[in-house]
Amino acid sequence: MSTQITIIRPDDFHLHLRDGEMLSAVLPYSARIYGRALVMPNLIPPVTTAEQAENYRRRIIDARPEGSHFEPLMTCYLTDSTSPEALKAAYAVQAFHAVKLFPAGATTNSASGVTNIRKVYPVLEAMQEIGLPLSVHGEVVDPEVDIFDLEAVFIERILKPVRKTFPELKIVFEHLTSKEGVDYVYDQDENMVATITPHHLLLTRNDLFKGGMNPYMYCLPVAKTFKDREAVRKAAISGDERFFLGTDSAPHPAANKEKAGAAAGIFNAPTSLGYVTQVFDELSALDKLEGFTSIYGARFYGLSPNGSTVTLVKRDEPVEMDWQIETGGDVVKIFKPDTPLFWDLVD
Ligand code: DOR
Ligand code: ZN
Numbered sequence: 003m004s005t006q007i008t009i010i011r012p013d014d015f016h017l018h019l020r021d022g023e024m025l026s027a028v029l030p031y032s033a034r035i036y037g038r039a040l041v042m043p044n045l046i047p048p049v050t051t052a053e054q055a056e057n058y059r060r061r062i063i064d065a066r067p068e069g070s071h072f073e074p075l076m077t078c079y080l081t082d083s084t085s086p087e088a089l090k091a092a093y094a095v096q097a098f099h100a101v102k103l104f105p106a107g108a109t110t111n112s113a114s115g116v117t118n119i120r121k122v123y124p125v126l127e128a129m130q131e132i133g134l135p136l137s138v139h140g141e142v143v144d145p146e147v148d149i150f151d152l153e154a155v156f157i158e159r160i161l162k163p164v165r166k167t168f169p170e171l172k173i174v175f176e177h178l179t180s181k182e183g184v185d186y187v188y189d190q191d192e193n194m195v196a197t198i199t200p201h202h203l204l205l206t207r208n209d210l211f212k213g214g215m216n217p218y219m220y221c222l223p224v225a226k227t228f229k230d231r232e233a234v235r236k237a238a239i240s241g242d243e244r245f246f247l248g249t250d251s252a253p254h255p256a257a258n259k260e261k262a263g264a265a266a267g268i269f270n271a272p273t274s275l276g277y278v279t280q281v282f283d284e285l286s287a288l289d290k291l292e293g294f295t296s297i298y299g300a301r302f303y304g305l306s307p308n309g310s311t312v313t314l315v316k317r318d319e320p321v322e323m324d325w326q327i328e329t330g331g332d333v334v335k336i337f338k339p340d341t342p343l344f345w346d347l348v349d
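For reference, each letter of the sequence shown is one residue, going 3 to 349 in this note's numbering.
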């Protein structure tokens, strides 16, 4: 039985870092673990230009703890009016590593997102040509669709037509939560990959209601059934290069989580790698951990794996910590599912 594991330093290919005080408060937790992160652009206002991305990148670099080499990889927020030419110019100077599609109204700060996928077809055409990946929040916005089916319906209504029209476009199906999503990715070629979050490896929709309604288990896409979680877990430990880690760590102040209309998003950065390791351990798949956390994503984005390593140990007693951090006169609570955490980052 393994009680210690050393792997190439992981990357986080889906991360919300926010800005200002919140950025300073949360960044050290990601920077301690991850070599690089694909930084989501859903700020207010959203990051839509190369100049905004570069300014945001500098703010992140400035907020890094002393001695940190953490590297933010920037993304562009896709809107109905994104210009293909501007995007090509931005790509030429490596301003963006991906373009993020938020269907308008799908999630936090998505109001400027895409209202109709056809409006951005010229942009997708340009991205296909230059090889710039499209990162998608894969849920439709339709009040008539059951919330647990939003991902499956997104495949039918959006992904299938887009894949048919732009077969060479690189697409990342972010935070995969459903069996339908997993099956779909398996059916596609190497241009279609997916990220998987720590929380979707652990939670089912039961966790949202266990012991009363629990906003700290609420994110979008929402956790689904045991069958869905099983499919997501199997994909993560499969060793198939198309599935890799993106934590979707998404901090919100307690005041915005503990209210009617609680914000969607789970701040998992501090416990993310420990919990992922724990799930792989429980599924007797520790030999597949490094590929999932540290190799496949980098390869997809055309990057070399990080040059350093991290070491985790399995404790006999649950890991203890504060389970919250302070910022802006409030706290942000750290992802703490029902399962105690035993895997601890030591180096
Ligand atoms: O739960 C979520 N939170 N899902 C998203 O897609 C966005 C994120 C956020 O920014 O808070
Ligand atoms: Zn996200």
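Every residue gets a Cβ at the ideal spot worked out from N, C-alpha and C, and that includes glycine.
Less than 8 Å between C-beta atoms, sequence neighbours within five positions excluded: which residues of the same chain meet that for Leu29? Leu19, Ile62, Ala65, Arg66, Pro67, Phe72
Where does the unbroken beta strand (DSSP E) through His16 begin, and where does it stop? 14–17
Just to check, is the beta-carbon of His201 closer than 7 Å to a non-hydrogen atom of the ligand ZN? no
On the DSSP letters alone, give me the boundaries of the beta strand (DSSP E) that Ile160 sits inside. Careful: Ile160 lies outside any beta strand (DSSP E) and carries neither H nor E.
Just to confirm, are Leu178 and Ile198 a CB contact at a threshold of 8 Å? yes
Closer than 6 Å to the ligand ZN: residues, by C-beta to nearest heavy atom, in chain order: His16, His18, Met42, Asp250, Ala252
How is the beta strand (DSSP E) around Ala196 delimited, first residue to last? 194–198
Would you call Ser137 buried or exposed, if buried means 16 or more other Cβ atoms sit within 10 Å of its Cβ? buried
Sorry if obvious, but does the Cβ on Thr50 come closer than 7 Å to a heavy atom of the ligand DOR? no
Residue environment, Met42, which counts as buried when at least 16 other CB atoms sit within 10 Å: buried
Stretch pair the stretch 300–315 + the stretch 218–226: three plus CB contacts closer than 8 Å: no
According to DSSP, is Met42 part of a helix, a strand, or is it coil? coil
By the 10 Å Cβ neighbour count, where 16 or more other Cβ atoms means buried, how is Pro283 classified, buried or exposed? Reading off the sequence shown, one finds Asp at residue 283, where the question assumed Pro. Its Cβ being crowded by 16 or more others within 10 Å, Asp283 is buried.
Can you grab the Cα-Cα spacing for the pair Asn270 / Trp325, in whole Å? 10 Å
Could you give the C-beta distance for Ala33 and Ser70, rounded to a whole number, given that I count them as a contact under 8 Å? 4 Å
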